[in-house]
Amino acid sequence: MTDCDAKLTGGGGLAVRLRGAVCLRGAFPALTGVNLNVDEGEAVLLRGPNGAGKSTLLRLCAGLAALRAGEGEVLGYDLRTESRSVRLEVGLVAHHMMLYEDLTVVENLEFWARLSGASANQAHVALRSLGVEERLHEVKLRKLSAGQRKRVSVAAVAMRRPRLWLLDEPHAGLDASGREALNEMINLARRSGATVLIASHEGASAEAVATRTIHLAGGAVWPSAPSTPDPWPATQPTATPSTADPSTAAQPKATPSTAARRRWRSRRLSARP
Amino acid sequence: MRSVLLIAAKDLRIELRSRVFLYQVIPFAITTLVLLGFALDADRAALRNFSSGLYWVTVMLAALLTAQRSVSLERSSGAADAIRLSGVAAAKIFAGKSLALFVYLIVLELLMVLGIVVLYDATLTDAGLAAATAVVATLGIAGAGTLYGVLAAGSGVGETLLPVLLLPVLAPVLISATRAFGDALGASSVNGWAWFGLVGLCSLLYMLLGGLSYGPILEADS
Chain A
10 MTDCDAKLTG
20 GGGLAVRLRG
30 AVCLRGAFPA
40 LTGVNLNVDE
50 GEAVLLRGPN
60 GAGKSTLLRL
70 CAGLAALRAG
80 EGEVLGYDLR
90 TESRSVRLEV
100 GLVAHHMMLY
110 EDLTVVENLE
120 FWARLSGASA
130 NQAHVALRSL
140 GVEERLHEVK
150 LRKLSAGQRK
160 RVSVAAVAMR
170 RPRLWLLDEP
180 HAGLDASGRE
190 ALNEMINLAR
200 RSGATVLIAS
210 HEGASAEAVA
220 TRTIHLAGGA
230 VWPSAPSTPD
240 PWPATQPTAT
250 PSTADPSTAA
260 QPKATPSTAA
270 RRRWRSRRLS
280 ARP
Chain B
223 MRSVLLIAAK
233 DLRIELRSRV
243 FLYQVIPFAI
253 TTLVLLGFAL
263 DADRAALRNF
273 SSGLYWVTVM
283 LAALLTAQRS
293 VSLERSSGAA
303 DAIRLSGVAA
313 AKIFAGKSLA
323 LFVYLIVLEL
333 LMVLGIVVLY
343 DATLTDAGLA
353 AATAVVATLG
363 IAGAGTLYGV
373 LAAGSGVGET
383 LLPVLLLPVL
393 APVLISATRA
403 FGDALGASSV
413 NGWAWFGLVG
423 LCSLLYMLLG
433 GLSYGPILEA
443 DS
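Chains as they are written, first to last, in our numbering: chain A, 10 to 282; chain B, 223 to 444.
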């Protein structure tokens with residue numbers, strides 16, 4: 010048994026374990042049989058074109074998107090039966106701020122702190138760490154710039170001290186000092202044992218904190234960046250498992266979802282004039 | 223209970239800040255009362271007789287706006303996901319959202335009682351029955367509004383679908399609350415308390431159904 014196989018079957022020390030994970034957005038298969046292992050304490054950068062399935066993968070790992078086929082475990086919890094336990098231990102920074110525009114910065118963070126059982130002090134510490142100036146604390150969120158909002162959004166996740174950080178384009182909209190503060194926070198989280206998954210198009214900023222990069226295209230994990238990125242591949246990549254990179258374990262050749270994706274693609278092509 | 227109150231207080235605070243309720247919902251309700259008065263040719267006797275029904279129709283229309291607003295607060299910002307990530311039970315989220323909606327609607331109904339007294343020449347002959355009916359019917363409207371608001375929003379065409387889903391469901395509350403209120407206003411000679419019982423039964427059913435089905439609807443939305 011290779012090291013990779015052990016990781017795929019064992020589950021010890023793995024923060025994320027997905028086998029043939031299929032996820033739908035409506036009727037459309039956004040993930041088409043993802044195999045992915047992420048060790049605890051890793052910082053994995055997810056790369057891929059728009060529509061590759063990065064955000065859906067993060068939502069799946071957060072327990073917010075339903076696993077329609079395959080197997081999935083996050084932090085030792087089964088994604089099908091224990092998604093509520095998963096949610097308590099992950100933090101998600103998504104495209105939406107997940108904050109209320111008509112509440113002030115402090116009101117937002119205190120609300121989420123109380124709701125999730127964190128202390129108000131943790132909220133203030135997180136705001137300080139992200140460099141959110143004190144003069145902004147009593148300002149309504151709608152009056153902040155996009156970068157300032159992003160900092161508050163990250164602070165709302167950081168104060169919960171999640172075991173798994175799921176960051177969707179976290180550097181977008183941040184200035185240099187914001188990116189630095191964010192990376193520092195990610196490193197700090199990793200040093201305390203947390204695992205980080207970052208979906209990003211921001212090469213240098215995200216790579217600075219990532220320990221590994223994986224590529225997604227067409228809802229599947231690829232062994233390396235596809236040379237001609239096709240967001241709707243007709244066939245799945247047939248990568249062989251690699252001990253160096255467990256995320257590149259063999260993809261299923263034709264799951265029901267890949268067949269559905271093919272049918273969808275063929276309908277789409279035939280509809281073209 | 224703490225998380226229920228937190229969610230309700232947050233919704234109320236947002237409403238106080240945004241003033242959507244003050245500047246949009248209340249004027250809408252008053253305008254509707256005035257327009258219904260015009261539609262009945264400003265006939266004082268007719269308005270007095272129908273004041274109970276016109277009152278509850280207006281409440282239901284305003285409830286559509288507030289229910290829509292309550293859902294959009296969470297969805298536009300992505301906060302619906304954040305609430306789910308906080309681990310709060312769906313039934314508590316439902317209760318918190320319904321409680322906030324209940325408070326807005328009760329405030330609105332108090333103002334509208336003044337409205338029907340001034341515009342329709344209505345008189346309150348049994349304040350106890352009127353208050354009890356308003357409280358219990360509003361609970362049902364708030365519960366159904368919260369439940370169907372999230373159900374309609376999940377379809378992606380929430381704004382237009384919500385009235386189609388919600389108004390038929392609220393028909394029993396509309397009928398029974400109108401009868402009970404009619405008695406409280408001295409506009410009809412029915413046993414208002416018997417109709418109040420039916421209002422209570424409907425409201426209890428909506429709250430129970432809401433508490434049980436809110437979670438599965440939220441999950442299906444993902």
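Ideal Cβ positions, reconstructed from N, Cα and C, are used throughout, including at glycine.
- Contact annotation for A/F37 against chain B: no contact, minimum CB-CB distance about 13 Å [criterion: below 9 Å].
- For the pair B/S398 and A/L139, the Cα-to-Cα distance works out to about 55 Å.
- A straight line joining the alpha-carbon of B/A267 with that of B/L283 spans about 24 Å.
- Two segments are said to touch when three or more pairs of C-beta atoms, one from each, lie closer than 8 Å; by this definition the region 178-193 of chain A touches the region 201-221 of chain A.
- For B/I328, the closest Cβ of chain A is not nearer than 8 Å.
- In chain order, R199, G202 and T204 place their CB closer than 7 Å to the CB of A/G50, counting only its own chain and leaving out the 5 sequence neighbours on each side.
- Taking 8 Å as the CB threshold, A/D184 stays off the interface with chain B.
- Within the region 146-201 of chain A, the runs of beta strand (DSSP E) at least 3 residues long that lie entirely inside it are, in chain order, 173-177.
- For B/D303 and B/A406, the gap between their C-alpha atoms comes out near 44 Å.
- Taking 8 Å as the threshold, the shortest C-beta distance from A/W231 to chain B does not fall below it.
- Taking C-beta atoms as the reference points, A/L101 and A/L150 fail to come closer than 8 Å.
- The C-beta of B/L244 comes no closer than 8 Å to any C-beta of chain A.
- Identification of chain A residues near B/S299 by a Cβ-Cβ cut-off of 7 Å yields H105, M106, M107, L108, Y109 and E110, ordered along the chain.
- For A/A75, the closest alpha carbon among the candidates A/S64, A/L88 and A/E82 is that of A/L88.
- A/G100 sits in a strand when the DSSP states are folded into three classes.
- Residue contact with chain A for B/S240: present (Cβ-Cβ distance below 8 Å to some residue of chain A).
- Around the Cβ of B/T355, a 10 Å sphere holds 16 or more other Cβ atoms; the residue is buried.
- Residue pairing by DSSP puts A/F37 in a beta bridge opposite A/R34.
- Residue pairing by DSSP puts A/W231 in a beta bridge opposite A/H224.
- Straight through space, the alpha carbons of B/A301 and B/L295 are spaced by roughly 8 Å.
- Rounded to whole angstroms, the gap between the alpha carbons of B/G371 and B/S435 is 13 Å.
- Of all residues in the region 121-140 of chain A, those with a C-beta nearer than 7 Å to a C-beta of chain B are W121, R123, L124 and S125, reading in chain order.
- When the alpha-carbon of A/Y86 is set against those of A/R96, A/A78 and A/R160, the nearest one is in A/R96.
- In chain order, G309 make up the part of chain B whose C-beta sits under 7 Å from the C-beta of A/R93.
- A straight-line Cα-Cα distance of about 15 Å links B/A349 and B/I328.
- Taken in chain order, the complete beta strand (DSSP E) segments of 3 residues or longer contained in the region 77-135 of chain A are 78-83 and 99-102.
- Listed along chain A are R68, A71, L73, L101, A103, H105 and M107, each with a C-beta nearer than 9 Å to that of B/D303.
- The alpha-carbon separation between A/L23 and A/E91 amounts to approximately 16 Å.
- For the pair A/L206 and A/L67, the Cα-to-Cα distance works out to about 8 Å.
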